[in-house]
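Presented below is the structure to which this report refers.
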Amino acid sequence: MKLDYTTFVRSAPGRFIAGKTGLPQPTDLPRFEQRPQPILSPVLVLGSSDAAEELAEQLLAWGGDVRRHGDDLDKIGTIVVVLDEIAAPTDTADILRGMPAAFKKMKVGGRVVTVSRTSTSADPAVNAARAGVEGFIRTLAKEARYGTTANGILVDDGVALTESSVIGALRFFLAAKSAFISGQTLRVTAAGAGVPSTWEAHLQGRAVLVTGAARGIGASIARTLARDGAKVIVLDVPAAGSALADLANEIGAIPIQMDITAPDAGQRIVDELTKRDLVLHALIHNAGITRDKYYVNMDEERWNSVIDVNIAAQLRINDALLASDRLGDSFRLVSLASTSGVAGNAGQANYAYSKSAVMGMVAALAPILAERGGTANAVAPGFIETEMTKRIPPIQREIFRRSNSLKQGGLPIDVAETVSFLCSLPAGGYIGQTLRVCGQNLVGR
Ligand code: NAI
2 MKLDYTTFVR SAPGRFIAGK TGLPQPTDLP RFEQRPQPIL SPVLVLGSSD
52 AAEELAEQLL AWGGDVRRHG DDLDKIGTIV VVLDEIAAPT DTADILRGMP
102 AAFKKMKVGG RVVTVSRTST SADPAVNAAR AGVEGFIRTL AKEARYGTTA
152 NGILVDDGVA LTESSVIGAL RFFLAAKSAF ISGQTLRVTA AGAGVPSTWE
202 AHLQGRAVLV TGAARGIGAS IARTLARDGA KVIVLDVPAA GSALADLANE
252 IGAIPIQMDI TAPDAGQRIV DELTKRDLVL HALIHNAGIT RDKYYVNMDE
302 ERWNSVIDVN IAAQLRINDA LLASDRLGDS FRLVSLASTS GVAGNAGQAN
352 YAYSKSAVMG MVAALAPILA ERGGTANAVA PGFIETEMTK RIPPIQREIF
402 RRSNSLKQGG LPIDVAETVS FLCSLPAGGY IGQTLRVCGQ NLVGR
């Protein structure tokens, strides 16, 4: 039997002790396997704009029990607040009336999502009204209990709230697939490449390549993309060849044994794709390493090896692919950043550099790819339970695990679901974003 804090605190005596002493009591988060339905009903839609009405109809079409008032409900699964037309901070009062009472009634694993305009207005009152939404949603995420998450969709002026990029983001944040994402905002800059013909197998027949796929987060990404219909190519170092072969057999993937830092790695990937007559829909730069040391003790080998695997190899591979004819029309690049890259982390100067660099890379790459119908985005995981984080000393590990609003570590599947979402057609509207999968880790924003 597993004897860790989470197991203990979910037992009857553990619950009793934690309740008396105020120790964190993490909720067992429902994920897609437990809740495959796209929406947790009843759904309360607040907002008086036309877009609020249109989104309510969309939620109804997805099978939601949609209401415009929450007073007569005992429990609420989902609250969607549509704030697209607020022009001054005082405009929020009418829309949010009844929201505190509704927020008190959230079910386990509930969802709160705001849909509002990006704060890029030149009008001070309008911009204040819009910017306020971010502080609001981040606070709801901190106050939410029992695995409820709160996230915001920020839609640029000129993009209709009915565009596929907004609908896709809404569907993802409402699903159990986003269980470990809270307190985050996703900016929608463009329309997206349409909704998939089926949301379930949305990557049907599309070729995707996952690096560092032999274990941990990479293996989960490969399994999840295969579940969603993709033809998966899994890549890892020769030393991980046997685990890679097992995974490839399990999910019907093509294995490639390769060190991504080899100078010709990009060309070899292009050759492999050409040989198999495959055009890539998505590339997932997941392979990554840590070589931690306080900066005063950081030798060049530690610095260089982390930079080479975590960012330099990615740039070289991108260049080779961009110069080839192997990228599909709606190509999606997703790279793994980290909350260490967002906020810094003692002992990880090399790693934090490389992960910040990943965010910079996707920000610059996305507009280049957008010219050919593609995009690039990053995912920044917080503490995820893998072999990498097992190496952290136990007490420090327990502190990291609890340092977020959901009071627990995430699972590889949480990152994998996010990657699959960023590979979707609607994701064409997200340009160079970094989406955190961290349970609203207390570091950074
Ligand atoms: P892991 O150490 O369990 O797996 C990494 C995989 O990458 C391994 O299979 C390894 O063989 C492969 N790899 C390493 N160097 C390679 C190279 N030169 N060429 C090809 N493959 C190579 O790591 P984990 O935890 O699954 O992390 C995956 C990604 O997520 C990494 O980029 C990591 O930095 C990032 N991440 C992980 C977090 C966590 O809490 N586990 C938090 C934040 C980011």
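Letter by letter, the sequence shown follows residues 2 to 446 of the working numbering.
Built from N, CA and C at the ideal position, the CB exists for glycine as well.
Start and end residues, beta strand (DSSP E) containing residue i
i, result
"Arg172", "Looking at the DSSP string, Arg172 is not in any beta strand (DSSP E); the run it does join, the alpha helix (DSSP H), is 165 to 175."
"Leu412", "No beta strand (DSSP E) holds Leu412; DSSP gives it neither H nor E."
"Thr435", "435 to 438"
According to DSSP, residues forming a beta bridge with residue i
i, result
"His286", "Ser336"
"Ile255", "Ile234"
"Arg188", "Leu155"
"Leu328", "Leu281"
"Val81", "Val46, Val114"
"His107", "As written in the sequence, residue 107 is Met, which differs from the His given in the question. According to DSSP, Met107 bridges with Ile77."
Simplified DSSP state of residue i, which is helix, strand or coil
i, result
"Met2", "Low per-residue confidence applies at Met2: pLDDT is 48, beneath 50, and the placement is therefore not dependable enough to give any value."
"Thr262", "coil"
"Gly153", "strand"
"Thr119", "coil"
"Ile87", "coil"
"Arg112", "strand"
"Ile1", "This structure gives no information on residue 1, because the portion of the chain shown stretches from 2 to 446."
"Thr390", "helix"
"Pro25", "coil"
"Arg292", "coil"
"Arg303", "helix"
"Ser421", "helix"
"Leu443", "coil"
"Val310", "helix"
"Val297", "helix"
"Ile432", "coil"
"Lys276", "helix"
"Asp72", "coil"
"Gly148", "coil"
"Ala13", "helix"
"Val160", "coil"
"Thr8", "helix"
"Leu407", "coil"
"Ala249", "helix"
"Ala194", "coil"
Span of the alpha helix (DSSP H) around residue i
i, result
"Leu316", "314 to 323"
"Thr93", "93 to 97"
"Leu141", "125 to 144"
"Arg402", "395 to 403"
Ligand 3 heavy atom lying under 7 Å from the CB of residue i
i, result
"Ser243", "As presented, the structure is devoid of ligand 3, carrying ligand 1 as its sole ligands."
Interface flag, residue i vs chain D, CB-CB below 8 Å
i, result
"Lys178", "Of the chains in the structure shown, none is chain D; there is only one protein chain."
Inset, instruction - Please specify which runs of the beta strand (DSSP E), each continuous and at least 3 residues long, are wholly inside the segment 342 to 387, giving them in chain order. - result: 376 to 382
Legend entry - Residue ranges of each beta strand (DSSP E) within the segment 196 to 245, 3 or longer: 208 to 212, 232 to 237
Legend entry - Any heavy atom of ligand 1 within less than 6 Å of residue CB: hits in chain order: Thr212, Gly213, Ala215, Arg216, Gly217, Ile218, Gly219, Asp237, Val238, Ala241, Asp260, Ile261, Thr262, Asn287, Ala288, Gly289, Ile290, Val310, Leu337, Ser339, Pro382, Phe384, Ile385, Thr387, Glu388, Met389, Thr390
Legend entry - 3-residue-minimum beta strand (DSSP E) runs that sit fully inside the segment 30 to 69, ordered along the chain: 44 to 47
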